[in-house]
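Following numbering that gives the first Met the number 0, the numbering of the sequence shown begins with 0 at its first residue and continues without gaps.
Report on the structure given below.
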Amino acid sequence: MSRLVRAPRGNVRTAKGWIQEAAKRMLMNNLDPEVAEKPEELIVYGGRGKAARSWEDFDRIVRVLDRLGNDETLLVQSGRAVGVFRTHELAPRVIIANSNLVPRWATWEVFDELERQGLLMYGQMTAGSWIYIGTQGILQGTYETFLAAARKHFGGSLRGTVTV
């Protein structure tokens, strides 16, 4: 299914609140043809980093965000809306968990099979959380990953190491 997705602009919202509207616009912006690698396949970047599992899931997320109250939280699991919970106005409006597997099954073979079955999707670093902002976001995430590795394994610095 091929279709054009563009985030609304301006100060008119269709969601019940601006936080929900912002989340919806971030999701839609990730699939804008000016941003996404293969928007028709819901792929934002990286060859397979998706914003939603399917167009049906995308549509459901958008519908839920439009109806979500200011005291509710949407739970999204690997590109699928799986629940709405009554929370409170200071709680997050959306909680997203992508590509979560316990270590025993965290192999590409298992992941790819679960993806084929429609049970999860690969969200990359920012595609599945609807916050892809281009190269600068990936560079920041990569920097944080290297920093964590340096702290854990090399006394806080990668100086003197060969890093590829």
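Glycine included, each C-beta is placed from N, C-alpha and C at the ideal position.
(request) Whole angstroms is fine: what's the gap from Arg115's alpha carbon to Arg52's? (result) Taking the first residue of the sequence shown as position 1, residue 115 is located at position 116. Taking the first residue of the sequence shown as position 1, residue 52 is located at position 53. Approximately 11 Å between the Cα atoms of the pair.
(message) Suppose you measure from the CA of Ala22 to the CA of Asn97; what does that come to, to the nearest Å?
(response) Along the sequence shown, one-based indexing puts residue 22 at 23. Along the sequence shown, one-based indexing puts residue 97 at 98. Taking the straight line from one Cα to the other gives about 16 Å.
(message) Tell me which residues share the same chain as Arg12 and place their Cβ nearer than 7 Å to its Cβ, disregarding the 5 neighbours each side in the sequence.
(response) As a working mapping, residue 12 is identified with position 13 in the sequence shown. Excluding residues within five positions, the ones whose Cβ falls inside 7 Å are Glu20.
(request) Please state if the CB of Thr160 and the CB of Phe153 are separated by a distance shorter than 8 Å. (result) Counting from 1 along the sequence shown, the entry for residue 153 is found at position 154. Counting from 1 along the sequence shown, the entry for residue 160 is found at position 161. With respect to Thr160, Phe153 sits close: the two C-beta atoms are nearer than 8 Å.
(message) So for Lys23, helix, strand or coil by DSSP?
(response) In the sequence shown, counting from the first residue as 1, residue 23 sits at position 24. Correct three-state label for Lys23: helix.
(request) Determine the DSSP secondary structure at Phe110, reduced to helix, strand or coil. (result) Taking the sequence shown and counting its residues from 1, the one referred to as residue 110 is at position 111. In this structure, Phe110 counts as helix in the three-state DSSP scheme.
(message) Between the segment 78-85 and the segment 48-65, can you find at least three pairs of beta-carbon atoms closer than 8 Å?
(response) yes
(request) Would you list the residues sitting across from Ile137 in a DSSP beta bridge? (result) One-based indexing of the sequence shown puts residue 137 at position 138. Partner(s): none; Ile137 has no beta bridge.
(request) Can you give me the Cβ contacts of Ala6 inside the same chain, cut-off strictly under 6 Å, excluding the 5 residues immediately before and after it? (result) Counted from its first residue, the sequence shown places residue 6 at position 7. Closer than 6 Å at Cβ, skipping near neighbours: Arg24, Met27 and Asn28.
(request) Would you mind reading off the limits of the alpha helix (DSSP H) that contains Asp153? (result) Numbered from its first residue, the sequence shown carries residue 153 at position 154. Contrary to the premise, residue 153 reads as Phe rather than Asp in this sequence. Careful: Phe153 lies outside any alpha helix (DSSP H) and carries neither H nor E.
(message) Does Leu89 come out as helix, strand or coil in the three-state DSSP assignment?
(response) Within the sequence shown, numbered from 1, the residue matching residue 89 stands at position 90. For Leu89, the three-state secondary structure derived from DSSP is coil.
(request) Along the beta strand (DSSP E) that carries Leu206, what are the first and last residues, could you check? (result) Limits of the chain in this structure are 0 at one end and 163 at the other, which puts residue 206 out of reach.
(message) Going by beta-carbon coordinates alone, are Tyr44 and Glu36 separated by less than 8 Å?
(response) Mapped onto the sequence shown, residue 44 falls at position 45. Mapped onto the sequence shown, residue 36 falls at position 37. Their beta carbons are under 8 Å apart, which means Tyr44 touches Glu36 by this criterion.
(request) Go to Ile60, then tell me how far its alpha helix (DSSP H) extends in each direction, as first and last residue. (result) Position 61 of the sequence shown, counted from the first residue, corresponds to residue 60. Per DSSP, Ile60 belongs to the alpha helix (DSSP H) from Trp54 to Arg66.
(message) According to DSSP, is Leu73 part of a helix, a strand, or is it coil?
(response) The residue labelled residue 73 in the question sits at position 74 within the sequence shown. Leu73 falls in the strand class under three-state DSSP.
(request) Could you have a look at Ile132 and say whether DSSP puts it in helix, strand or coil? (result) Here the question's residue 132 lines up with position 133 in the sequence shown. Ile132 falls in the coil class under three-state DSSP.
(message) Rounded to whole angstroms, what is the Cα-Cα separation between Pro91 and Thr72?
(response) Reading the sequence shown from its first residue, position 92 is the one you call residue 91. Reading the sequence shown from its first residue, position 73 is the one you call residue 72. So the alpha carbons of these two residues sit roughly 6 Å apart.
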